[in-house]
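Trainee: Protein chains in written order, with this note's numbering: chain A, 1 to 678; chain B, 1 to 288.
Just so you know, even glycine gets a beta-carbon here, dropped at the ideal spot from N, CA and C.
Note that this is a predicted model, so its numbers are computed, not measured.
I have a structure I would like to understand better, so I am pasting it below and will then ask my questions one at a time.
Spelled out as structure tokens, the structure:
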């Protein structure tokens, strides 16, 4: 074990020197892009925005966009060989809770990467992204954050007052949340300033954070204050299946690291200062965001581009890793397409920059993650053009700029609100960019639509948990993914079928405009949809959102007989008794449409409220029924079994024949291959 | 022209003259696979037989629909699909003696003769397979090591291609080694049938020495037919996926079966070529 006293103290001195004392030894070499980057006055850091109003929907957004509760300033120094960061943080917190506050909880997320933490215990039990359940402890995944000094202006050094708390479980070994009780409370509407010195030991990349060789993805790396929400502190421990929740505010972050590193971060790079010892200090500034992450690698190629949105030019930084050059154009196409779609469908992207990080080989666990104005993607050198996984990841993570970045829901408690709504938006963007029916895969005749992929994810575990379950309380990590992403997207696709595409888009746009830069709840989302659709959709939401019942309708039989069945068959006009039996197999009740087709080609549509377990539809006509189909428009994506949604009187042998031909071919070939051993 | 080429063309002539063997084995391959496919086809018939949703498989190849189908608990048939290749494997062990005898004598064998030869050499060839499996162990271990190395490189090397290149190079080398091994055992089978050798070890010793001494011509004969077989199959796949319309099931079937027939033909061509080579190089110039 290393001596923690030295490892904290020495880098602190270095950071102090770099941030102020050592100015004389610097050379300022570059100052970049004031563009739409904002100089923040103290007033601007806290002034609340105009109250959100649905009628002010399309008014241009004015700064400040958000109620700025926090203002962080961090001076950090990266030690690439030790994989450590030493930093000092100044946090100004504005008490807008309307009551005196004397207790403050802080996240220390990096302490999750320890064998006895709640996070690692859950990973061991349930797995997480990139790590299966029951995996052995890998010491390379050790990470930690140590606070060496905690001072509060006007109240002195409170380092000794820090105590770890466990709001979600009784795990005394979890050190991802600590709490400090102040000697006297902070009055309402007053400021309190914290000075915190801390030391990070980064893990080998895991769960979005860490290093791989000389690549660094630094997320959830600084002591972050909890959110006063719904009348109490909301500061959950770090879990295997949860993301994050924080208040809006401003960030001014100076990162000192070797000069050969290319850096990307949340917000705008406002200056780069070279020192005489092979290091540089890069300063980033961001406002109206609720997190700060950064990345660095000496091997990044910074592909700069721009996109003209309705709110102005957005500067694009694409930080590409070696060997992934073939994905550059694909990333940019997906990113710009997503930006254009969101601009049209919801509202313009209000920031002036977006950074896309392409993790290098072996660092895929850092991929597919969102931070305000910075997202991580993921590709390989070989992925063919028709397999649109890299595009989908970019589209999804950019979508989080809206559903998480601006509409900042509580990802611990309402994962479905960001991941699910975003997965639905992702389907829409992928359809718009790459075509419905083959938006995910279009490879030599093999096709897969993104909506189908979401539905398959839902089908894998359709009834284990309601959407509204807290992220860490799902049955396991697969259930968290299947429900929060796949089922929510499927629920929203079905809802779109119920209320219409235009209304659905209007509802989401209204929800976005009404709640951007705030922390809405599931109730806010559902009531907005009810309001815009001008319908009470609660019976649907009760089952689809809060419930776990299965939706499965089937056509049980399609039959006809002559009306005068007891008489001998005769030539000429006949009347037939056509009957169709529809069965609701699952407990989920949803009105459905049934299309009945007759042998003269005519169709009749019937509506069934689905309340009973079955219904018999009967027609007396001169034609015989040939098929019946529930949900002929394929809008009820939640239906678990699409095959039993229709029934024909004729045998549908072509598909069976085709699959049998393929299956036989593969089996013959496998047999011939095996016979090479004889 | 190298001797290998002459053996290859003579082998092709032999394959053509005795093409009844090819058709016959192909028919067994086809019928067994059809039987193996029946339970799967029957199970999907229960799900798709009267469903309009199945049209999405007819007019395209929707992976979502296919996955959804395979997720249905009613769909099964994996057992018979696994069993069939094993039955075909045993059948080929039984047929191998008759095939080599027919090629050696360059005449049509009566059914009784064919299976008589198959039965006669069956247990010898089983022992050969066991020996081959033992020798495959180090190849599989080597493959495991190469895979582990390439995985480590894929995860740790800054060059994203490093792992793939190692895996590709390692795979090609090990495949070439396997083909050499297969050639050695092929020649042992030819030897057993030609000289009615009962001892597997003696046949292996002889064929090892012969293969090593004539490695160039024999390996060239064997390798290029193998390569031709893989190229032919890749070509069939390409035509199938890119040029055959989805709803043309008959054309798909025909193309697939042509591909399999040619693939089987390539293997029999190798056996015919080896038999010709043996007759010309060993029996006309007696070896020690």
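Identify every run of the beta strand (DSSP E) within the region 95–138 of chain A, keeping only runs that are complete inside it and at least 3 residues long; order them along the chain.
Mentor: Within the region 95–138 of chain A, the complete beta strand (DSSP E) runs of at least 3 residues are 101–107.
Trainee: Using the three-state DSSP reduction, which class does residue 34 of chain A fall into: helix, strand or coil?
Mentor: Any answer about residue 34 of chain A is weak, because its pLDDT of 36 lies below 50 and its placement is not dependable; what the coordinates show is given next. Residue 34 of chain A: coil per DSSP, three-state reduction.
Trainee: Which one of A:389, A:591, A:466, A:140 has the shortest CA to CA distance from residue 543 of chain A?
Mentor: When only C-alpha atoms are compared, the closest one is A:466.
Trainee: Locate the alpha helix (DSSP H) running through residue 454 of chain A, then write down its first and last residues.
Mentor: Per DSSP, residue 454 of chain A belongs to the alpha helix (DSSP H) from 450–460.
Trainee: Looking at the secondary structure, which residues open and close the alpha helix (DSSP H) in which residue 658 of chain A lies?
Mentor: Counting along the chain, the alpha helix (DSSP H) containing residue 658 of chain A begins and ends at 653–674.
Trainee: Could you check whether the Cβ of residue 53 of chain B sits closer than 8 Å to any Cβ belonging to chain A?
Mentor: Interface residue, yes.
Trainee: In chain E, what lies closer than 7 Å to residue 627 of chain A by C-beta?
Mentor: The structure shown has no chain E; the protein chains it does contain are A and B.
Trainee: What are the partner residues of residue 354 of chain A, as DSSP defines its beta bridges?
Mentor: The partner list for residue 354 of chain A (beta bridge, DSSP) reads A:316.
Trainee: Determine which residues share a DSSP beta bridge with residue 447 of chain A and list them.
Mentor: Bridge partners of residue 447 of chain A: A:442, B:62.
Trainee: Ignoring anything shorter than 3 residues, give me the beta strand (DSSP E) runs that lie fully in the region 269–311 of chain A, in order along the chain.
Mentor: Listed in chain order, they are 279–289, 294–297, 301–309.
Trainee: For residue 45 of chain B and residue 656 of chain A, what's the separation of their Cα atoms in angstroms?
Mentor: Taking the straight line from one Cα to the other gives about 6 Å.
Trainee: Which residues share a DSSP beta bridge with residue 156 of chain A?
Mentor: In the DSSP output, where bridge partners are listed per residue, residue 156 of chain A has A:152.
Trainee: Give me the DSSP bridge partner(s) of residue 212 of chain A.
Mentor: Paired residues: A:215.
Trainee: Does residue 642 of chain A have its Cβ less than 8 Å from a Cβ in chain B?
Mentor: Closer than 8 Å: yes.
Trainee: Could you tell me which chain A residues have their CB closer than 7 Å to the CB of residue 63 of chain B, listed as they occur along the chain?
Mentor: The contacting residues are 441, 446, 447, 448.
Trainee: So residue 667 of chain A contacts chain B; which residues on that side make the cut at Cβ distance below 8 Å?
Mentor: Result: 33, 36, 37, 81, 84, 85.
Trainee: Could you check whether the Cβ of residue 380 of chain A sits closer than 8 Å to any Cβ belonging to chain B?
Mentor: Chain B contact via Cβ: present.
Trainee: Applying a beta-carbon distance threshold of less than 9 Å, which residues of chain B neighbour residue 635 of chain A?
Mentor: The contacting residues do not exist; residue 635 of chain A stays about 14 Å from chain B at best.
Trainee: For residue 13 of chain B, does the three-state DSSP call read helix, strand or coil?
Mentor: It is helical.
Trainee: To which residues of the same chain is residue 431 of chain A closer than 8 Å at the C-beta, ignoring the five residues directly before and after it?
Mentor: Within the same chain, residue 431 of chain A has close Cβ partners 439, 449, 450, 451.
Trainee: Nearest by alpha-carbon distance to residue 397 of chain A: which of A:612, A:503, A:339, A:190 is it?
Mentor: Among A:612, A:503, A:339, A:190, the Cα nearest to that of residue 397 of chain A belongs to A:339.
Trainee: Given that residue 656 of chain A touches chain B, what residues does it touch there, using C-beta distances under 8 Å?
Mentor: Near residue 656 of chain A (Cβ distances below 8 Å), the residues of chain B are 41, 44, 45, 48, 49, 54.
Trainee: Excluding sequence positions up to five away, which residues of its chain have a Cβ less than 6 Å from the Cβ of residue 419 of chain A?
Mentor: Result list for residue 419 of chain A: 484, 485, in chain order.
Trainee: Looking only at its own chain, which residues have a Cβ that is under 6 Å from the Cβ of residue 619 of chain A, when we skip the five neighbours before and after it?
Mentor: Hits under 6 Å: 578.
Trainee: Just checking my contact of residue 86 of chain A with residue 145 of chain A at CB under 8 Å: how many whole Å lie between their CB atoms?
Mentor: The pair is not a contact, with the Cβ atoms about 11 Å apart (cut-off 8 Å).
Trainee: When burial is assigned at 16 or more other CB atoms within 10 Å of the CB, is residue 41 of chain A buried or exposed?
Mentor: Because the pLDDT at residue 41 of chain A is just 44, under 50, the model does not fix this residue reliably, and the value given afterwards should be weighed accordingly. So residue 41 of chain A ends up on the exposed side.
Trainee: Would you identify the three-state DSSP class for residue 55 of chain B, choosing helix, strand or coil?
Mentor: Of the three classes helix, strand and coil, the one that applies to residue 55 of chain B here is helix, per DSSP.
Trainee: Can a CB atom of chain B be found closer than 8 Å to the CB of residue 20 of chain A?
Mentor: Any reading at residue 20 of chain A must be qualified, since the residue scores a pLDDT of 34, below 50, and its modelled position is unreliable; the value itself is stated next. No - not a single Cβ of chain B is within 8 Å of the one on residue 20 of chain A.
Trainee: Quick check: is the beta carbon of residue 360 of chain A nearer than 8 Å to any beta carbon in chain B?
Mentor: Cβ-Cβ to chain B under 8 Å: yes for residue 360 of chain A.
Trainee: Give me the subset of the region 318–332 of chain A whose CB atoms are less than 9 Å from a CB atom of chain B, sorted by chain position.
Mentor: Hits within the stretch, in order: 321, 322, 323, 324.
Trainee: Hey, quick one: how far does the beta strand (DSSP E) through residue 490 of chain A stretch, first residue to last?
Mentor: That residue, residue 490 of chain A, is in no beta strand (DSSP E); its alpha helix (DSSP H) goes 488–499.
Trainee: Look up residue 513 of chain A in the DSSP assignment and say whether it is helix, strand or coil.
Mentor: The answer is helix: DSSP assigns residue 513 of chain A an H, G or I state.
Trainee: What does DSSP give as the partner residues of residue 206 of chain A in its beta bridges?
Mentor: BP columns for residue 206 of chain A point to A:209.
Trainee: Should residue 249 of chain B be flagged as near chain A, meaning a C-beta pair shorter than 8 Å?
Mentor: At least one chain A Cβ lies under 8 Å of residue 249 of chain B.
Trainee: Would you say the region 197–213 of chain A touches the region 109–125 of chain A, given that touching needs at least three Cβ pairs under 8 Å?
Mentor: Enough Cβ pairs lie closer than 8 Å, so yes.
Trainee: Report, in whole angstroms, the separation of the C-beta atoms of residue 101 of chain B and residue 117 of chain B, which I expect to be a contact under 8 Å.
Mentor: Their Cβ separation, rounded to whole angstroms, is 4 Å, which keeps residue 101 of chain B and residue 117 of chain B in contact under 8 Å.
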